[in-house]
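Chains A and B, in that order, are what the protein sequence lines are. For the first sequence, the numbering used here assigns the number 1 to the initial residue and increments by one for each residue that follows. For the second sequence, the numbering used here assigns the number 1 to the initial residue and increments by one for each residue that follows.
2 protein chains.
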Amino acid sequence: MPLQTGPNTPVPTLEDVAKRAGVSTATVSRCMNAPKMVSEKTRQKVMQAVRDLGYAPNFGARALAARRTGTFGAVIPTMDNAIFARGLQAFQHELGQAGITTLVAASSYDPHTEEDQIRTLVARGAEALLLIGSDRTPEAYAFLQTQKIPFVNTWTYEDRPGRVCIGFDNRRAMAMLAREVLALGHRNIAYITAQRPDNDRARARFDGVCDAMRAADVDPATLMIEEVSYGIEQGRTAFGRLMDRTPHPTAVMCGNDVLAAGALREARARGIAVPDQVSITGFDDIDISEIVFPALTTVHVPHKDMGARAARALRAMCDGEVPDVTGPLDTWIAWRDSLGPAPRAANG
Amino acid sequence: MPLQTGPNTPVPTLEDVAKRAGVSTATVSRCMNAPKMVSEKTRQKVMQAVRDLGYAPNFGARALAARRTGTFGAVIPTMDNAIFARGLQAFQHELGQAGITTLVAASSYDPHTEEDQIRTLVARGAEALLLIGSDRTPEAYAFLQTQKIPFVNTWTYEDRPGRVCIGFDNRRAMAMLAREVLALGHRNIAYITAQRPDNDRARARFDGVCDAMRAADVDPATLMIEEVSYGIEQGRTAFGRLMDRTPHPTAVMCGNDVLAAGALREARARGIAVPDQVSITGFDDIDISEIVFPALTTVHVPHKDMGARAARALRAMCDGEVPDVTGPLDTWIAWRDSLGPAPRAANG
DNA sequence: GACAATTCTGTAAGCGCTTACATTTCACTT
DNA sequence: AAGTGAAATGTAAGCGCTTACAGAATTGTC
């Protein structure tokens with residue numbers, strides 16, 4: 001067993017340190033948590049003992065005794081892609097400054113898995129949670145309530161009392177982009193959406209497209225719809241199916257950048273020129289939208305700002321304060337190369 | 001305070017449940033942990049009480065009493081990109097099957113941050129750790145040893161007693177790719193590497209390129225080197241600097257796909273045809289290497305396999321078994337479109 | 001040098017849970 | 001109806017730490 005110190009060396013405890021340093025456990029505890037309460041001399045002794053023994057505090061015991069863990073949690077739909085990474089990073093960074101650790105879990109876009117993960121994180125000591133969207137099981141909401149866990153819903157915005165949202169208006173944001181698509185003359189429009197059940201953001205974005213169509217006197221019923229699960233490959237095949245239709249769309253709007261990346265890939269594979277023959281748009285403005293070809297025109301959302309604000313709001317809520325939520329955050333269109341005017345042929 | 005049940009309702013404990021169900025705390029505990037030890041009738045009663053009260057066990061107390069947490073940890077360099085996501089997913093999935101929760105932390109490619117994160121995860125109850133690479137502070141290794149935390153080093157392979165590696169041979173893998181580059185006639189070769197200090201994989205990959213050059217009787221001293229930190233933007237600017245040199249390289253090999261994506265982006269911005277004028281290669285084969293343009297020729301590494309194997313190995317180690325590590329895992333070249341023969345002009 | 005004010009340290013009571021062990025209950029035998 | 005073993009439940013001792021409180025040591029003051 002070369003991996004171990006020895007078969008019977010137990011992991012050192014506070015008491016071991018105390019004994020070795022010749023002080024009480026209380027003093028050792030204070031050395032670790034409030035050094036200024038301890039005299040310089042004893043602190044030296046204690047810290048030396050800590051080092052000698054390779055002591056590390058037991059989280060469970062500490063949490064139990066102190067009734068706080070210094071841990072916040074985040075449940076995101078997927079770690080698979082960079083969508084939530086940037087916001088999460090900002091969230092973690094902001095909390096790190098305050099000495100708070102972040103625990104992350106993924107729900108795979110499934111409400112029951114999400115509920116499980118929420119329970120798990122709370123059981124593991126998360127004192128507050130960052131959540132994505134607002135669609136979740138009533139049980140999850142009930143649980144958060146009885147456990148008194150402050151939480152914020154991000155990536156969405158609803159003005160509902162007793163619910164803190166740090167996000168933006170998905171519907172309006174997508175409507176804005178759709179308006180531009182329509183203004184460029186597109187009338188055969190398709191929309192590749194992520195699964196809408198249990199996903200308020202996907203629904204809102206879809207509704208946004210319809211809003212813009214109605215506003216432009218185009219019947220939303222003419223919108224070609226592909227509803228697929230999340231992934232590059234899914235976007236790719238959905239785009240393929242759309243292009244197999246007759247007539248095919250001149251603009252394919254996608255519910256997120258990952259789907260759009262897939263669509264772009266398939267367009268290239270089929271030799272379809274973007275945006276000359278078909279325009280493609282995304283939503284989210286993640287890293288890859290800049291490096292795909294052609295660079296993706298998409299909706300920019302305030303990833304970092306959301307993460308940082310969520311962190312601050314949760315900290316305030318943990319202190320019993322009321323977080324200042326100022327309303328939905330801004331989004332804007334990141335104009336790049338994948339959206340252009342409707343081609344004449346398909347439009348005449 | 002609409003966010004709370006009431007100002008003075010405490011979070012329910014095991015004892016509350018016991019009282020409500022009219023049984024002892026031991027029975028409630030057994031209901032939660034070993035249902036078959038309890039009669040059907042009392043279990044019903046207890047579970048009802050649990051539901052009524054919205055009870056959730058306190059992780060700290062449970063960990064303290066049971067001396068196990070059912071939690072494994074993973075410290076990865078960055079969550080920023082999809083590099084580690086796929087492997088991590090497999091890791092989590094495999095552990096999830098066994099009822100084990102995964103905690104993830106990021107080190108930002110900094111050994112001291114990594115050491116901190118290791119301590120944090122262990123303090124939070126991680127019973128075993130997945131780590132990336134083998135470069136880390138001696139203190140980190142010492143800590144793992146005194147705390148008796150089983151760990152595996154992934155994404156690397158070294159045959160060192162007492163150290164479990166689940167990875168591949170970075171050096172050989174990169175050498176293989178470099179051999180192909182050389183075989184295509186390239187002699188002006190550049191290499192964009194991630195920071196090599198504290199990163200055994202970056203060093204190994206670099207060494208691999210040199211190996212191949214020597215094997216082809218090309219002086220490794222002629223290799224143009226750019227060493228940058230991790231990121232698309234860094235790859236982009238490094239590529240720019242290389243193309244500003246005279247003569248410029250005909251092949252730019254990159255230490256990872258993210259850097260390569262940046263290089264590809266800059267090539268497009270400068271109107272440099274890939275691979276006709278300049279070839280570009282990557283390493284890792286992450287999602288984006290398929291969607292960039294032109295699709296990236298890169299080294300495929302067994303993301304999922306590593307994650308799943310690491311999970312199994314750690315489980316075995318926790319049970320006091322010796323994990324069966326069969327040697328380095330296979331890698332191969334993912335041939336796509338960004339590598340081509342050296343252009344005549346620059347080569348004549 | 002005695003006394004108060006101040007700083008430091010020790011004592012000990014839990015925090016909420018698990019589990020070894022003891023006890024009770026129950027379904028069968030005889 | 002008493003006796004038996006198995007199954008179900010209860011009792012209570014911690015797990016390793018924090019922290020209120022009390023007590024000891026140190027410092028400053030007159």
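Ideal Cβ placement from N, Cα and C applies to all residues, glycine included.
Task: Per DSSP, cross-strand counterpart(s) of B:Asp-284 - done: Counting from 1 along the second sequence, the entry for residue 284 of chain B is found at position 284. Looking at the DSSP assignment, B:Asp-284 forms a beta bridge with B:His-300.
- [ ] Compare the C-beta of B:Leu-88 with all C-beta atoms of chain A and state if any pair is closer than 8 Å.
- [x] To locate residue 88 of chain B, count along the second sequence from 1; it is residue 88. At least one chain A Cβ lies under 8 Å of B:Leu-88.
Open item on the list: Could you tell me the alpha carbon to alpha carbon distance between A:Arg-344 and B:His-300, rounded to whole angstroms?
Closed with: Translated into positions along the first sequence, residue 344 of chain A becomes position 344. Translated into positions along the second sequence, residue 300 of chain B becomes position 300. Rounded to whole angstroms, A:Arg-344 to B:His-300 spans 43 Å at the Cα level.
Open item on the list: Using 8 Å for Cβ pairs, my map puts B:Ala-74 next to B:Leu-129. What's the rounded Cβ distance?
Closed with: Numbered from its first residue, the second sequence carries residue 74 of chain B at position 74. Numbered from its first residue, the second sequence carries residue 129 of chain B at position 129. Contact annotation, B:Ala-74 with B:Leu-129: C-beta distance approximately 7 Å; criterion of less than 8 Å satisfied.
Task: Positions along the region 55-68 of chain A whose CB lies within less than 8 Å of some CB in chain B - done: Only those residues of the region 55-68 of chain A whose C-beta falls short of 8 Å from the nearest C-beta of chain B are listed: Ala-56, Pro-57, Asn-58, Phe-59, Gly-60, Ala-61, Arg-62, Ala-63 and Leu-64.
TODO: Taking all protein chains shown into account, decide if A:Gly-133 is buried (16 or more other Cβ within 10 angstroms of its Cβ) or exposed.
DONE: Translated into the one-based positions of the first sequence, residue 133 of chain A becomes position 133. The residue is buried, with at least 16 neighbouring Cβ atoms inside 10 Å.
Task: Local conformation of A:Leu-3 per DSSP, three classes - done: The residue you call residue 3 of chain A lines up with position 3 of the first sequence. Its pLDDT being 30, under 50, A:Leu-3 is placed unreliably in this model, and the value from its coordinates should be taken loosely. A:Leu-3 falls in the coil class under three-state DSSP.
Open item on the list: Please tell me whether B:Thr-297 and B:Val-278 are closer than 8 Å, where the distance is taken between their beta carbons.
Closed with: Position 297 of the second sequence, counted from the start, is the residue given in the question as residue 297 of chain B. Position 278 of the second sequence, counted from the start, is the residue given in the question as residue 278 of chain B. In this structure, B:Thr-297 sits away from B:Val-278, with a CB-CB distance that is not shorter than 8 Å.
Task: Cα-Cα separation between A:Pro-138 and A:Met-253, rounded to whole angstroms - done: Here residue 138 of chain A refers to the residue found at position 138 of the first sequence. Here residue 253 of chain A refers to the residue found at position 253 of the first sequence. Those two C-alpha atoms are separated by around 32 Å.
Open item on the list: Give me the residue from A:Arg-336, A:Ala-263, A:Pro-161 and A:Asp-285 with the minimum Cα distance to A:Pro-323.
Closed with: Numbered from its first residue, the first sequence carries residue 323 of chain A at position 323. When only C-alpha atoms are compared, the closest one is A:Pro-161.
TODO: Could you tell me the distance, in whole angstroms, from the CA atom of A:Ala-212 to the CA atom of B:Ala-261?
DONE: Indexing the first sequence from 1 puts residue 212 of chain A at position 212. Indexing the second sequence from 1 puts residue 261 of chain B at position 261. Take the alpha-carbon of A:Ala-212 and the one of B:Ala-261: they are about 35 Å apart.
Open item on the list: List, in chain order, every chain B residue whose beta-carbon is nearer than 7 Å to that of A:Val-218.
Closed with: Mapped onto the first sequence, residue 218 of chain A falls at position 218. Within chain B, no residue has its CB atom less than 7 Å from the CB of A:Val-218, the nearest being about 31 Å off.
- [ ] Please name the residue, chosen from B:Asp-198, B:Met-224 and B:Met-176, that lies closest to B:Asn-188 on a Cα-to-Cα basis.
- [x] The count along the second sequence starts at 1 and reaches residue 188 of chain B at position 188. Ranked by how close their Cα comes to the Cα of B:Asn-188, the residues B:Asp-198, B:Met-224 and B:Met-176 have B:Met-224 in first place.
Open item on the list: Quick check on B:Leu-95: does DSSP put it in helix, strand or coil?
Closed with: For the purposes of this step, residue 95 of chain B is taken as residue 95 along the second sequence, with counting starting at 1. Helix at B:Leu-95.
Open item on the list: With the cut-off set at 8 Å, would you say A:Ala-126 and A:Thr-71 are in Cβ contact?
Closed with: The residue labelled residue 126 of chain A in the question sits at position 126 within the first sequence. The residue labelled residue 71 of chain A in the question sits at position 71 within the first sequence. Yes, they are a contact pair.
TODO: Spell out the partners DSSP gives B:Ala-194 in its beta bridges.
DONE: Start at 1 with the first residue of the second sequence, and residue 194 of chain B comes out as number 194. According to DSSP, residue pairing for B:Ala-194 in a beta bridge involves B:Val-228.
Task: Helix, strand or coil at A:Val-28 according to DSSP, with G and I counted as helix - done: Along the first sequence, one-based indexing puts residue 28 of chain A at 28. Correct three-state label for A:Val-28: helix.
Open item on the list: Less than 8 Å between C-beta atoms, sequence neighbours within five positions excluded: which residues of the same chain meet that for A:Ile-333?
Closed with: Here the question's residue 333 of chain A lines up with position 333 in the first sequence. Here the set comprises Met-176, Leu-177, Glu-180, Thr-297, Thr-298, Val-299 and His-300.
- [ ] Within the same chain, show all residues whose beta-carbon is closer than 8 Å to that of A:Arg-336, passing over the 5 residues directly before and after it, in chain order.
- [x] In the first sequence, counting from the first residue as 1, residue 336 of chain A sits at position 336. Excluding positions up to five away in sequence, the list reads Ser-289, Glu-290, Pro-294, Ala-295, Leu-296, Thr-297 and Thr-298.
Open item on the list: So, for A:His-303: in the same chain, excluding its five sequence neighbours on each side, which residues have a beta-carbon less than 6 Å away from its beta-carbon?
Closed with: Along the first sequence, read from residue 1 onward, the residue named residue 303 of chain A stands at position 303. Leaving aside the five residues that flank A:His-303 on each side, the residues in its chain whose CB is nearer than 6 Å to its CB run, in chain order, Arg-86 and Gly-87.
- [ ] Please classify A:Arg-159: is it buried, with 16 or more other beta-carbons within 10 angstroms of its beta-carbon, or exposed?
- [x] Numbered from its first residue, the first sequence carries residue 159 of chain A at position 159. A small fix is needed here, since residue 159 of chain A is Asp in this sequence, not Arg. Classification for A:Asp-159: exposed.
TODO: Tell me, to the nearest whole angstrom, how far the beta carbon of A:Asp-200 is from that of A:Asp-116; I am working on the premise that it is less than 8 Å.
DONE: The count along the first sequence starts at 1 and reaches residue 200 of chain A at position 200. The count along the first sequence starts at 1 and reaches residue 116 of chain A at position 116. With 8 Å as the limit, A:Asp-200 and A:Asp-116 do not qualify as a contact, their Cβ atoms being about 20 Å apart.
TODO: Closer than 8 Å by C-beta to A:Ser-229: which residues in its own chain qualify, once you throw out the five before and the five after it? Chain order, please.
DONE: Translated into the one-based positions of the first sequence, residue 229 of chain A becomes position 229. Apart from sequence neighbours up to five positions away, the residues of its chain that approach A:Ser-229 with a beta-carbon distance below 8 Å are Tyr-109, Ala-194 and Gln-195, ordered along the chain.
Task: Residues within the region 239-270 of chain A neighbouring chain B, beta-carbon criterion of under 8 Å - done: Those residues of the region 239-270 of chain A placed with their C-beta closer than 8 Å to a C-beta in chain B are Ala-261, Gly-262, Leu-264, Arg-265 and Arg-268, ordered along the chain.
- [ ] With 8 Å as the threshold, decide whether the Cβ of A:Ile-166 is near any Cβ in chain B.
- [x] Stepping through the first sequence from its first residue, residue 166 of chain A is reached at position 166. No, no contact with chain B.
- [ ] Would you identify the three-state DSSP class for A:Ala-56, choosing helix, strand or coil?
- [x] Your numbering for residue 56 of chain A matches position 56 in the first sequence. Coil.
Task: Span of the alpha helix (DSSP H) around A:Thr-120 - done: Here residue 120 of chain A refers to the residue found at position 120 of the first sequence. Looking at the DSSP string, the run of the alpha helix (DSSP H) that includes A:Thr-120 is 111-123.
Open item on the list: Less than 8 Å between CB atoms is the rule here; does A:Ile-291 satisfy it with respect to chain B?
Closed with: One-based indexing of the first sequence puts residue 291 of chain A at position 291. Among the residues facing chain B, A:Ile-291 is included, as its CB has a counterpart in that chain under 8 Å away.
TODO: Verify the CB distance criterion: does B:Asn-81 have a CB-CB separation below 8 Å to chain A?
DONE: Sequence index remark: in the second sequence, residue 81 of chain B carries index 81 (1-based). Closer than 8 Å: yes.
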